[in-house]
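Participant: In order, the protein sequence lines correspond to chains A and B. The numbering used here applies: residue 532 is where the first sequence begins, and numbers increase by one. The numbering used here applies: residue 2 is where the second sequence begins, and numbers increase by one. Beta carbons: idealized from backbone N, C-alpha and C, even for Gly.
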Amino acid sequence: MKYIIFKLLLVFAMLPVIAQTSVKGTVIDRITSEKLTEVTVVLEGSNLTTQTDAAGAFVLTQNVPVGDQILTISKNGYVTRRFPVVINEGRTLDLGEVTLDVDVETEQRLNGLISLSDNDLNGEDDGIGGLNVSGLLSAGRDTFLSAAAFDWSATFFRPRGLDNANGKVLINGIEMNKQFNGRPQWGNWGGLNDAQRNREFTPGLSANEYSFGGLGGTTNIIMRASQYRKGGRVSYAAANRSYQGRIMGSYSSGLRADGWAFTILASRRFGNEGFVEGTLYDANSIFAAVEKKINDKHSLNVTSFFTPNRRGRSTALTQEIFNLKGRQYNPFWGYQDGEKRNTRIREIEEPVFLLNHYWTVSDKTSINTNIGYQTGTIKNSRIDNNGTTLIESNGQQFFAGGARNPSPDYYQLLPSFFLQDANPTPGDFQNAFLAQQEFVNDGQFDWGRLYESNATLRSQGRNALYAVQNDVIEDSQLSANIILNTALTDHITINANVSYRNLSSENYAEISDLLGATGYLDIDSFTEAESGDASGDISTDNAQSDVRNPNRIVGEGDRYKYNYEIDADVVSGFAQAQFKYNKVDFYLGGTITQTNYQRNGLFENGNFQNVDGSVGSFGNSEKLDFSTGGVKAGFTYKITGRHLVDVNAGYYTNAPTIRNSFVNARQNNEIVEGLESEQIQSIDVSYIFRSPIVKGRLTGYYTGFEKGTDIGFYFTEDLGGLGDNGDAFVQEVLTNVDRRNMGIELGLEAQILPTLKLKASASVGQYTYTNNPNLYLRSDDFEGALRFGDGTTNLNDVHVAGGPEKAFQLGFEYRDPNFWNIGVTTNFFSNAYIDVSNLARSANFLTDSDGLPINDFDQGVARDLLKQQQFNDYFLVNIVGGKSWRVNDYFLGFFATINNVLDEEYVTGGFEQSRNATFRNVREDKARENGPVFGPRFFFGNGTTYYVNFYVRF
Amino acid sequence: MKTIKLIQLFTMLVALVVLSACVQDDDFSVPELNTGVNTIDGQLVAISSIASQAVQEGGPITFEGTNQYIEGYVISSDEAGNFFEEFIIQDSPENPTASIRVLVDVNPLFTSYEFGRKVFIKLDRLTAGDANGILTLSLLDTNNAAIKIPPSLQDEIIVRSTEVATIVPLEITISDFSESLENLYVRLVDMQFIKEEVVDASLTFAAEELDQFDGERTLLSCVTNQTAIFSTSTFADFKALSLPTGRGTIDGILTRNFFGDVFNIVVNDPSTIVFDQTDRCDPVEIDCGVASSAGATVLFEDFFETQNTNQPISGNGWTNFQQEGTQAWEAFSSTGQNASLGISARVGSFMSGDASTISWLITPQINLDAQGGETLQFMTSNSFSDGSTLELLFSSDWDGVPANIPSATWDAIPAGIIVDDADFFGDWIDSGIVDLSCIEGSGYIGFRYIGSGAADFDGTFELDEIQINAQ
């Protein structure tokens, strides 16, 4: 139908109007007939590009190539259209009115996607890395990236195996990634979907005008008041994944005649639980932006948003727990007052304020100055079961109390624990049966028992045994940058950026709820009492959280356990030149960065007192200083308009994150031994094919990481060479980590009918360690750094965990002229690997308790025990659809997705526990007939879930 | 106009957001707590009757379908880690007569069953029997091993009463230790830790290198001179504290060691040890140390070869005196694993029926001024000495009249090695060459045995080859 119109248009276009070769037209919204401004019009295969003006009109005049060409018309939020056109020498081709459809699907799927990235936050410190959806959120135009964003992200597929920290997220040009771990904190702008539709995504290291970028691409979310389309929107969404409901309203004034523009948004997301039980969701979001266009050269914008949210968390399950309770089970919640109360709540309250100045110096040069300020808290709650009371006897003191882990999935409460002996007795079976019954019929957290215990103790004048603890991060960050963009010639553009940021971060634990008790004694009950002098003072000193304030009784809201500040300063510069010619575009870029970190302890920890010869825990640490930088370059070579080759390469270094710089910032000032900046080299080569019907991209990539650092925290019972007592809560420091990510990506789509598109995508990669990194352990349970054998761990060729390495998709999209659409995709995933225990792959594995080699060690058996588990393959089928109507001035619509239609059960990730980490114990645990006691823990994917959104636009 | 509409719309929206979709708040208040019940259904049986039933049956008794229950008061506490996954109840807060231990696979227990709490225990499914010498309630495995009550059955079997009583410790002495007092909350008065542990050394409760699972220390009664084992778990929170050095009262539970063969005193935590008197009751010691060799002159000597076996030791200047009880030092001869040295002397209260046994064997008076380099040598052996003791003493003010022995001053001679309960019963232990040369004047060497007819105090000591030499 459309084609016929175009053929007609082409016939009219034959008529010579002016003797210059040109193409012109006007772009309108198909439903509203509104003229669309700032629509990008590109003649594929040439450098010809323009934008529509306020009347929606465009014209391409200079150097228009003749013959069969493809014209691409695109605008954020609309479905991109590609027109085959025939351009004749000396003629003007007038396309008349070109209609664009609102991209309901992409836009709405974005709304659904935010919740997925929120889910990922949940997993952040549960052993699985973040999910890199940042860039993908605006990926609507690339077949492969949209598959990765919409259909693969739910299963923790990570493009090119890259962690979230590799993708840079900017808002109005200011970097939002956290200095602590390099990852963007998505919760900070959750629920602002309507205000975040304007996004610029630059894949990989390719040229972008804001910053050097990262391997995972750079996303700049534009939240300028003047950039929003005039109008309002109210929507209501219902789902069963993370939240159950979302209500959102927004209004934008557009740029008014008096030069002012404003946008406001308010939303609320809520739910008592998502797909997983007890995962409450309570989030409010407000946003306001005001911009004043002072004159044609200057514009000033203020953007602020605040998205306080509380989420109930869930956790990874062992196979045994999964078998008994299923994938929706969550051990973190228990009933209180007839309601589900979660022990682990994450609460984020970090408002952001941005001030942006846009200065159009000339039609060739613009300077953009930004200042950002963010302050607030992130709180994570958990149960503290180590409350004690100071008891005095004969002039000596000791601490009495402490309780076993009250989690309902504690290993000693599970059937496997009772059946761990080789030949269980009938009594063992009876206990296992009772445990199983109890776990299946209840298996939830017992708040009542905690209150009862604290009440009993209180009646005896004792302190709290149990409390709810918050781990609090209180960040204040000031960012400022200046971004220059200048076109030296028609062919050469220079981008530059100077930026500074200062982070002041306070980190502490606080008592959130005393559970009916009057106070909590702030000491570390795990610190082993020391024998020795008759005064008995030694033992109580070491256990102090703060020896300067010993035996303190803390109440709700008080800081305890640990309390320190981190001060971080980052100064960086970036410059880039882009060259655009007929046959080839290329760019060159470079960056340098200076990073400083310093810790300042506010408590003096009893185990790490400030004595001579130690780094201590109170006051300032050594000041860390990293100089990093890098270069990147790339080109696009246009063989013809239909065949292109694109190459990007880069080499750069990254300062370690704060998280990986201090061995145990909660306890002391110690710096990681052998800390280095990570070195990254990367190259990708793409072949891009575009015909009127088919377009596709095939990319091969290689990225090498060297000298990386990673710190883990866990409890182990199995350290060799420490005698009988191999138990310790340790910090595991991994340095000199080399990794390699390589693979190919394919995206292919065919518009076989104007209404029907077929699509196919594939990603085949391999993400492995390429050396044996250094490993050492630190703990307050033993002296100094503990190393095993040659001090390395055998990770060479082990897969780096993080989603499936292979993913394939086949699907179609049908877009009916009557404003409804439906799409179905089938997705196949394989080659996902477990996160291995590094400790078990060090020489600790063959070390007996006396420090000598285990004498019945068997190489063959060991190989089997340490073989990295590969998760099962799985299929996911997803359906999307929607419809919209126009009623007078209002546009109504709904959009729905159903994910995992076939309700497939699958594992998205998991990790080995390091509790057992020597040959004999691992062998024994794995061989248990009734399942291991300390088996690996898995993250299970959601079953069938839905998301449906209704909206009204005006 | 349009702006006004918008503002209205927005206000509505905000109101909707605020009002709609309430998520349970995190503002949970302290819930109403279960503080216990006053009665439960079923038939009450006394703890003592379970004990006697178990004795009658001669083995564990298992309850099934009886609908019976017991009640009692908790006297143990795992707060300080000295008890683990068990608690002990006695039948009355004051003057108790029976008690029982309950094994529960839960930690901690003191938060539900605190000291003094009255609890009801439903007996069905449980087994009462002897475990390591202690009457214990648990589930039973087919191999007769005890199984702790699992967490899943905890609330079903054990029900808390509302009552929390004040436990009045039962005052006893070491010689009262017996099965009938086992697992009761008792008080020992005028006690102290022995000199070797708190004066000569400064031992901790249970944090010494040699302490495995339990640290065993020795309590001494200043009244009766008897000793008792005081035991602390190496998992106790107070294991690293030093033992109190003074003298006074200790409240704790009379129980048995892990193997069930020796009585122990165990405290819930050290706050019930009130040793606030500083004047210790250590015996005065005469310690000239050990000599490198013995002189050739024999001042006194007896290898008992001339004594009549199975008759009390007599003659050769010996005083054989029974201060309490019926048991005299007697001569004996035996061969085999527990052989005598020819004819030897022995004393013991096994099967004596004595409430208390104190028996002396005293040499004739020795003049220690007439010559130089006096030394003492002897050999000792034992046969299950248990809680009985043998001491080496010296008196310079005894007048030789047997009836005045208890009132005379007897000082300890620590240099003389006496057989230990842990030594193999067949071995004879050499005393070493005990130097007496620093003593001035004349006096008597005495061997004092303290025991009783009670099974845990009825040990036997053997003595031989006594020589007092000079240069």
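#1: Please compile the residues from chain B whose C-beta is within a distance smaller than 8 Å of the C-beta of residue 982 of chain A.
#2: Can you give the beta carbon distance from residue 242 of chain B to residue 1075 of chain A, rounded, assuming they're within the 8 Å contact cut?
#3: Using DSSP with H/G/I as helix, E/B as strand and the rest coil, what is residue 960 of chain A?
#4: Give me the residue from B:106, B:124, B:74, B:29 with the minimum Cα distance to residue 51 of chain B.
#5: Return the CA-CA distance between residue 56 of chain B and residue 120 of chain B, expressed in angstroms with no decimal places.
#6: Of all the residues that make up the segment 155–169 of chain B, which are near chain A by a beta-carbon distance shorter than 8 Å?
#7: Does the distance from the C-beta atom of residue 970 of chain A to that of residue 945 of chain A stay below 8 Å?
#8: Are at least three pairs of beta-carbons, each pair with one atom in the segment 1443–1450 of chain A and one in the segment 1237–1253 of chain A, less than 8 Å apart?
#9: Determine the direct distance from the alpha carbon of residue 412 of chain B to that of residue 1067 of chain A, and round the result to whole angstroms.
#10: Suppose the cutoff is 8 Å on Cβ atoms and the five residues either side in sequence are ignored; what does the same chain contact list for residue 1475 of chain A look like?
#11: When DSSP labels each residue in this structure, what does residue 1482 of chain A get in the three-state scheme?
#12: Between residue 481 of chain B and the rest of its own chain, which residues show a CB-CB distance below 6 Å, the 5 nearest in sequence each way excluded?
#13: Which residue wins for smallest C-alpha separation from residue 689 of chain A, given the options A:1297, A:1394, A:1396?
#14: Counting Cβ pairs closer than 8 Å, one from the segment 189–197 of chain B and one from the segment 224–232 of chain B, do we hit at least three?
#15: Measure the beta-carbon distance from residue 766 of chain A to residue 779 of chain A and round it to whole angstroms, keeping in mind my assumption that it falls under 8 Å.
#16: By the DSSP assignment, the beta strand (DSSP E) with residue 590 of chain A in it spans what residues?
#17: Please compile the residues from chain A whose C-beta is within a distance smaller than 8 Å of the C-beta of residue 93 of chain B.
#18: Considering only their Cβ atoms, is the gap separating residue 1462 of chain A from residue 1035 of chain A smaller than 8 Å?
#19: At the 8 Å Cβ level, is residue 271 of chain B part of the contact set with chain A, yes or no?
#20: Which residues in the same chain have their Cβ closer than 6 Å to the Cβ of residue 1011 of chain A, if we skip the five residues on either side of it in sequence?
#21: Is there at least one Cβ from chain B nearer than 8 Å to residue 1065 of chain A's Cβ?
#22: Does the beta carbon of residue 1487 of chain A sit closer than 8 Å to a beta carbon anywhere in chain B?
#23: I want to verify the contact list: residues of chain A whose CB lies under 7 Å from the CB of residue 140 of chain B, in sequence order.
#24: Of all Cβ atoms in chain B, is any one closer than 8 Å to the Cβ of residue 930 of chain A?
#25: For residue 194 of chain B, return the contacting residues in chain A, with the cut-off set at a CB-CB distance below 9 Å.
#26: Smallest Cα separation from residue 974 of chain A: which of A:863, A:1214, A:735?
#27: Could you tell me which chain B residues have their CB closer than 8 Å to the CB of residue 785 of chain A, listed as they occur along the chain?
#28: Just to make sure I have the definition right: I need the residues of chain A whose C-beta is within less than 9 Å of the C-beta of residue 109 of chain B. Which are they?
#29: With DSSP collapsed to three states, give me the class of residue 1436 of chain A.
#30: Does DSSP put residue 319 of chain B in a helix, a strand or coil?
#31: Does the beta carbon of residue 924 of chain A sit closer than 8 Å to a beta carbon anywhere in chain B?
#32: On the CB-based measure, 16 or more other CB atoms within 10 Å of its CB, does residue 1470 of chain A come out buried or exposed?
#33: Does the distance from the CB of residue 348 of chain B to the CB of residue 319 of chain B come in under 8 Å?
#34: Which one of A:714, A:1200, A:1241, A:1272 has the shortest CA to CA distance from residue 1142 of chain A?
#35: Does the beta-carbon distance from residue 305 of chain B to residue 340 of chain B come in below 8 Å?
#36: Residue 1002 of chain A and residue 1040 of chain A: beta carbons closer than 8 Å?
Facilitator: In short, the structure shows the following:
#1: 31, 32, 34
#2: Residue 242 of chain B to residue 1075 of chain A, Cβ: 17 Å. No contact.
#3: helix
#4: B:124
#5: 24 Å
#6: 165
#7: yes
#8: yes
#9: Residue placement at residue 1067 of chain A cannot be trusted, given a pLDDT of 42 that sits under 50; what the coordinates show is reported in the next sentence. Cα to Cα, the separation comes out at about 33 Å.
#10: 1429, 1430, 1431, 1432, 1433, 1434
#11: strand
#12: Missing from the structure shown is residue 481 of chain B; chain B here goes from 2 to 472 and no further.
#13: A:1297
#14: yes
#15: 5 Å
#16: 588–591
#17: Simply none; closest approach about 21 Å.
#18: no
#19: yes
#20: 902, 1031
#21: For residue 1065 of chain A, the predicted model reports a pLDDT of 40, less than 50, meaning its position is unreliable; a value from the coordinates is still stated below. So yes, residue 1065 of chain A belongs to the interface.
#22: Nothing can be reported for residue 1487 of chain A, as the shown portion of chain A is limited to 532 through 1485.
#23: 958
#24: yes
#25: Here the premise fails: no neighbours, minimum Cβ distance about 11 Å.
#26: A:863
#27: Ordered by position in chain B, no residue passes the 8 Å Cβ test against residue 785 of chain A, which lies about 12 Å from the chain.
#28: 932, 933, 934, 935, 984, 996
#29: coil
#30: coil
#31: yes
#32: buried
#33: no
#34: A:1200
#35: no
#36: yes
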